[in-house]
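Numbering of the sequence shown is given in full-length UniProt numbering, commencing with residue 3 and proceeding in unit increments.
Structure, as structure tokens:
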Amino acid sequence: SLTTLPADQLAERLTALRADYEDLRAKSLKLDLTRGKPGADQLDLSEGLLGLPTSHKDRSGTDVRNYGGLEGLAEMREIFADLLGVDAGDVIAGGNSSLTMMYQVVTWLLSHGGPDSPRPWSQEETVKFVCPVPGYDRHFTMLAELGIEMVTVPMHEDGPDVAAVRALVADDAQVKGMWLVPTYANPTGAVTSTEVAAELMAMPTAAPDFRILWDNAYAVHHLTDVETKSADALGLASASGHPNRPIMFASTSKITFAGAGVAALAASTDNTAWYLKRLSYAAIGPDKVNQLRHVEFFGDADGVRAHMRKHRDLIAPKFSAVQDALGARLDGLGIATWSKPIGGYFVDLNVLDGTASRVVQLAKEAGIALTPAGSAFPHSNDPDDRNIRLAPTFPSLGEVETAMAGVAVCVELAAVESLAAG
Ligand code: PMP
Numbered sequence: 003s004l005t006t007l008p009a010d011q012l013a014e015r016l017t018a019l020r021a022d023y024e025d026l027r028a029k030s031l032k033l034d035l036t037r038g039k040p041g042a043d044q045l046d047l048s049e050g051l052l053g054l055p056t057s058h059k060d061r062s063g064t065d066v067r068n069y070g071g072l073e074g075l076a077e078m079r080e081i082f083a084d085l086l087g088v089d090a091g092d093v094i095a096g097g098n099s100s101l102t103m104m105y106q107v108v109t110w111l112l113s114h115g116g117p118d119s120p121r122p123w124s125q126e127e128t129v130k131f132v133c134p135v136p137g138y139d140r141h142f143t144m145l146a147e148l149g150i151e152m153v154t155v156p157m158h159e160d161g162p163d164v165a166a167v168r169a170l171v172a173d174d175a176q177v178k179g180m181w182l183v184p185t186y187a188n189p190t191g192a193v194t195s196t197e198v199a200a201e202l203m204a205m206p207t208a209a210p211d212f213r214i215l216w217d218n219a220y221a222v223h224h225l226t227d228v229e230t231k232s233a234d235a236l237g238l239a240s241a242s243g244h245p246n247r248p249i250m251f252a253s254t255s256k257i258t259f260a261g262a263g264v265a266a267l268a269a270s271t272d273n274t275a276w277y278l279k280r281l282s283y284a285a286i287g288p289d290k291v292n293q294l295r296h297v298e299f300f301g302d303a304d305g306v307r308a309h310m311r312k313h314r315d316l317i318a319p320k321f322s323a324v325q326d327a328l329g330a331r332l333d334g335l336g337i338a339t340w341s342k343p344i345g346g347y348f349v350d351l352n353v354l355d356g357t358a359s360r361v362v363q364l365a366k367e368a369g370i371a372l373t374p375a376g377s378a379f380p381h382s383n384d385p386d387d388r389n390i391r392l393a394p395t396f397p398s399l400g401e402v403e404t405a406m407a408g409v410a411v412c413v414e415l416a417a418v419e420s421l422a423a424g
């Protein structure tokens, strides 16, 4: 381990690493591992959508080109219901972005309160959310934008730290909600177990209108042949007497076209009625043409599953390349750990405490763009300055290999610099 190396050997290592880093810079790379976007080859898998729909009518005979049908096409809702393990009647199929649906829910909770709120959340002195970290940066920037305070809890391999969550929600009625990416979490890849989910749905909360925003963005995004099933959030919540607690979100953004997919929300009858009521003032209906296009393209949920295996075949090698590059350089050095996800879009890298920003800077100067250090924390504040989110799907396999070999050099150089400086 580098952390126990004597000073003279550290100094030698530093000299060698500086030479490696200069070699890296000399390559004048221009590579980008910042955002979890599908690669063009992944988007090509859905090219068939562009020739659809062939029909103007949905199953009930409605002309999808016209206004109406706020809750979305029944057949689209059925596909989401099957994939998410919920009843089709509890699903609303919407526009192209689940993030927009989340934003609507949070803003409408602020402006109107939910079906079980004593008053609109905006009338509370303070509104707080529990945020498992590391987490999805856009969840946090959304809350910051809306003036909601964020309180962090650790994200473990089986989901958020339940004891920490319980302690936060039990007595403080200002804690109104919580984010959770239950399956193949962004960025850790963690899968929330049924046990953890059951506790979260059942735990006592001081706020009577506590919400868990259950963002199942990666429900079907398996990287191996293990097709992990998500915990049954709505069923567990009903069974424990808190049917309105979870609001589930998903989309086909990373199934078909990231910018032109279909999003969905699933929740209790009270919650979906509340959402549709608010939505009725904002829209006359969703893009049903796009929904029908997706329905024709997939046929059913099994069509989606088969399609996801094609994605897996394209991106699993990139995730393996990340593991290989990090392992080849950093295994056994005691300066970094990283996730080995079996689904989702990210690898979560933890470097020597206090060096993540330096790693990102070194990578940048070598032409490798990484997500800014701290991004996976509220207000970009990683108290240990050690977390870096890696997103390998967008670049080509060759680019991932080159970029990650470079990142590994930067991780080691930053660690040795820090250790040598004492
Ligand atoms: N949730 C999570 C956890 C994500 O990682 C992403 C995409 N990066 C989204 C939501 C965005 O979804 P959409 O495209 O449906 O808005």
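We treat Cβ as the ideally placed atom computed from N, Cα and C, and that holds for glycine.
Residue-level contact to chain B via CB, Pro136, 7 Å cutoff: Absent from the structure: chain B. Only one protein chain is present.
Inter-residue Cα distance where the pair is Arg168 and Glu201: 9 Å
Same chain, Cβ closer than 7 Å to Ala77, five either side skipped, listed in chain order: Before going further, note that residue 77 is Glu rather than Ala in the sequence given. So the list reads Asp60, Arg61 and Val297, once near-sequence residues are dropped.
Cβ pair Pro380, Phe142 closer than 7 Å: yes
Run of the alpha helix (DSSP H) containing Gly400, from where it starts to where it stops: Leu399 to Ala422
Leu86 to Thr36 span [Cα, whole Å]: 28 Å
According to DSSP, residues forming a beta bridge with Ala253: The question names Ala, but residue 253 in the sequence shown is Ser. Beta-bridge pairing links Ser253 to Ala265.
Simplified DSSP state of Arg37, which is helix, strand or coil: coil
Under the three-state DSSP convention, the category Gly179 falls into: strand
Own chain, CB closer than 7 Å to Ala239, minus 5 neighbours either side, in chain order: Met203, Pro245, Arg247 and Pro248
DSSP beta-bridge partners of His224: Gly345
Gly38 Cβ short of 6 Å to the ligand PMP heavy atom set: yes
Presumed contact (8 Å Cβ cut-off) between Arg331 and Glu414, rounded CB distance: 6 Å
Ala95 vs Gly74 beta-carbon contact at 7 Å: yes
Of the residues Asp25, Asp333, Ala21 and Gly38, the one placed nearest Ala378, counting alpha carbons only: Gly38
CA-to-CA distance, Lys290 to Phe300, given in whole angstroms: 15 Å
Nearest-angstrom Cα separation, counted from Thr207 out to Asp163: 16 Å
Alpha-carbon spacing of Ser119 relative to Ser270, whole angstroms: 15 Å
Beta-bridge partners of Lys32, as assigned by DSSP: Beta-bridge pairing links Lys32 to no other residue.
Heavy atom of the ligand PMP within 6 Å of Tyr277 beta-carbon: no
Rounded C-alpha distance that separates Leu45 from Asp315: 13 Å
Span separating the alpha-carbon of His309 from that of Thr226: 14 Å
Neighbourhood of Leu54 by C-beta, 7 Å cutoff - its chain only, sequence neighbours within 5 removed: Arg295, Glu298 and Phe299
Simplified DSSP state of Ile317, which is helix, strand or coil: helix
Three-way DSSP call (helix, strand, coil) for Met205 in this model: coil
Option nearest Leu26 by Cα separation, candidates Val402, Ala417, Gly408 and Ala423: Gly408
Selection from Trp181, Met250, Ala365 and His224 that minimises the alpha carbon distance to Leu236: Met250
For Leu267 and Met406, believed in contact at Cβ under 8 Å, the rounded distance: With 8 Å as the limit, Met406 and Leu267 do not qualify as a contact, their Cβ atoms being about 36 Å apart.
Beta strand (DSSP E) runs contained entirely in the stretch 137-170, provided each spans 3 or more residues: 151-158
Residues bridged to Arg391 [DSSP beta-bridge criterion]: Asp350
Proximity test, Ser3 beta-carbon vs the ligand PMP heavy atom, cut-off 6 Å: no
Alpha carbon of Ser253 to alpha carbon of Val135, nearest angstrom: 22 Å
Distance CB(Leu328)-CB(Ile390) smaller than 7 Å: no
Val135, enclosing beta strand (DSSP E) - first and last residue: Lys130 to Val135
Ala219 Cβ short of 6 Å to the ligand PMP heavy atom set: yes
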